[in-house]
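Read through the structure below, which is laid out as structure tokens, and then see the notes.
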Amino acid sequence: MQIEKIVMREVAMTMKSPFTTSFGSVQEKRFLIVEVYDELGNCGYGEGEAFEAPWYTEETTGTCWHVIEQFLTPLLLHKEIAHPRDVRTLFKPIRRNNMAKSAIECAVWDVYAKRIDQPLWQVLGGTRAQIPVGVSIGLQPSADALYAKIDQALAQGYGRIKVKIKPGQDVSLIKTIRARYPDVPLMADANSAYTLDDIDTLQQLDQFNLMMIEQPLAADDILHHATLQQSLETPICLDESITSYDDAVTAITLGSCGVINLKQARVGGLEEARRIHDLCVEKHIDVWCGGMLEAGIGRAHAVALTSLAGFTMPGDTAGSDNYWAQDIITPVVTVDRGYVHMQDAPGIGYDVDTSLLEQYTIRKKAF
Ligand code: OSB
Ligand code: MG
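Positions 11 to 377 (my numbering) are the ones given, in order, by the sequence shown.
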């Protein structure tokens, strides 16, 4: 397949409500969409999933634009690509910048799948036609607001609730949620808000039968997660810490986690995600697919990835309506009794609403 043309866009979309973590809130999203065209005119889409500020990882919308424009596009444009898995190797000379790489790599998978007229999830080797999903609920201004969100998610059929915690909003918060929802599959995500000095607090969470505690310590602290895991019964799930296959090997070898939250954007694309998925299956580590508050294109890629057999636990890829009044794909991603059904159409399986995409575009460059 010949890569004929690449178009990058910066897109601005407003979420229905702000999403608040231990770092702050997001509601106005500015992110990138990449279009990759082959010599036959097929078009594949990818989403640059970094945020405007570097709170989750070091990348931002601005750094992704820069790296794609200056370094990744020249590596791909007018090249002959035998298979999308080769893009990972092609991008190897560029260090990290995983979200920039993933935006293009995902677009190459989509255009390839469209070219061979197959759904992306099948090209990736996915076997499950439906995938279980849960919701991730941000920090709320009040307990009542949080209960309202949980009630709404349960009424919509979601089978797992994830809440955010931070110092001062942890043990008592989880205690009141558990008292109100004794049997709900529940987990807590700290987004790196703690240190080993908080071990007593984190140990108190053991009494609430949480499925896991996600990323309690710093992103670059795989070692101390191993120490923490030894003193906790609840499995630790690593999110920010796992940026590559090698990170996953380190974490599994050290015993730093029992679960991995996998996101194609955080690890540099679908091929690296698939390699980590296979490693988790081999090492009997639970794995599930996380989310980045994506719009439809990134969401469609995450849904396709989750069809791989090893994603045993519900993911964070909730329905489009959990985030957006109007998503940029048709149909939108919908959840039926806690499951998203795979699409039969080629590529990501969802059509991009190109006029809406154009309307949301604030900057565009074609190569
Ligand atoms: O830590 O998993 C996270 C959202 C933005 C950045 C990081 C995270 C999250 C979420 C929500 O928890 C995931 C989603 O619903 O897309
Ligand atoms: Mg997380």
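The beta carbon of each residue, even a glycine, is placed where N, CA and C say it ideally should be. In this text, all values refer to a predicted model and were calculated from it rather than measured experimentally.
- Here DSSP, grouped into helix, strand and coil, assigns Asp207 to helix.
- Under DSSP, Lys15 takes part in a beta bridge, and its partners are Tyr47.
- For Glu368, the secondary structure class from DSSP, reduced to helix, strand or coil, is helix.
- In chain order, the residues with a C-beta atom nearer than 5 Å to some heavy atom of ligand 2 are Asp199, Glu224 and Asp249.
- Annotation: the continuous beta strand (DSSP E) that includes Gly56 extends over Cys53 to Gly58.
- A Cβ-Cβ distance of about 4 Å is found for the pair Gly167 and Arg347, placing them in contact under the 8 Å criterion.
- According to the DSSP assignment, Gln140 belongs to the beta strand (DSSP E) that extends over Gln140 to Pro142.
- Leu303 sits buried, since 16 or more C-beta atoms from the chains shown fall within 10 Å of its C-beta.
- Burial is judged here by how many other beta carbons sit within 10 angstroms of a residue's own beta carbon; Leu130 has at least 16 and is buried.
- CA-to-CA, the gap between Ala203 and Pro226 works out to about 6 Å.
- Note on geometry: alpha-carbon atoms of Lys374 and Thr73 lie some 15 Å from one another.
- Inter-residue distance for Gln217 and Asp208 is about 16 Å (C-alpha atoms, whole angstroms).
- When the beta-carbon positions are compared, Ala335 and Leu315 stay at least 7 Å from each other.
- Cα atoms of Thr263 and Phe41: separation of roughly 35 Å, rounded to the nearest angstrom.
- The DSSP assignment places complete alpha helix (DSSP H) segments of no fewer than 4 residues inside the region 196-281 at 209-214, 232-240, 255-264 and 274-277, in order along the chain.
- Where Trp298 is concerned, the enclosing beta strand (DSSP E) starts and stops at Asp296 to Cys299.
- Gly357 carries a strand assignment under DSSP once its states are collapsed to helix, strand and coil.
- For Ile307, the uninterrupted alpha helix (DSSP H) run begins and ends at Gly306 to Leu315, by DSSP.
- Straight-line spacing of the CA atoms in Thr31 and His287 works out to 26 Å.
- Contact between Asn201 and Phe33 holds: CB atoms are separated by about 6 Å, below the 8 Å threshold.
- Straight-line measurement puts the Cα of Leu206 at about 11 Å from the Cα of Gln213.
- Residues of the same chain with a CB within less than 7 Å of the CB of Ala228, apart from the 5 flanking positions on each side, are Ser202 in chain order.
- Contact holds between the region 47-54 and the region 108-123, because three or more Cβ pairs, one in each stretch, are under 8 Å apart.
- Met23 has Lys39 as its beta-bridge partners, per DSSP.
- Apart from the 5 residues on each side of it in sequence, Val133 sits with its Cβ closer than 6 Å to the Cβ of Ala123 in its chain, given in chain order.
- Out of Leu82, Val173, Glu68 and Gln353, the CA that lies nearest to the CA of Phe29 is found in Val173.
- Relative to ligand 1, the nearest heavy atom lies less than 6 Å away from the CB of Leu303.
- Thr253 counts as buried, since no fewer than 16 other beta carbons sit within 10 angstroms of its beta carbon.
- The three-state reading of DSSP puts Arg170 in coil, since its state is none of H, G, I, E or B.
- By the neighbour-count definition (other C-beta atoms within 10 Å, threshold 16), Gly178 is an exposed residue.
- Relative to the Cα of Gly279, the nearest Cα in the group Tyr255, Phe81, His76 and Ser35 belongs to Tyr255.
- Burial is judged here by how many other beta carbons sit within 10 angstroms of a residue's own beta carbon; Leu50 has fewer than 16 and is exposed.
- For Ile114, DSSP assigns no beta-bridge partner whatsoever.
- The three-state reading of DSSP puts Ser32 in coil, since its state is none of H, G, I, E or B.
- DSSP places Thr73 within a helical segment (H, G or I) once states are collapsed to three.
- Within the DSSP bridge table, the entry for Val145 names Ile171 as partners.
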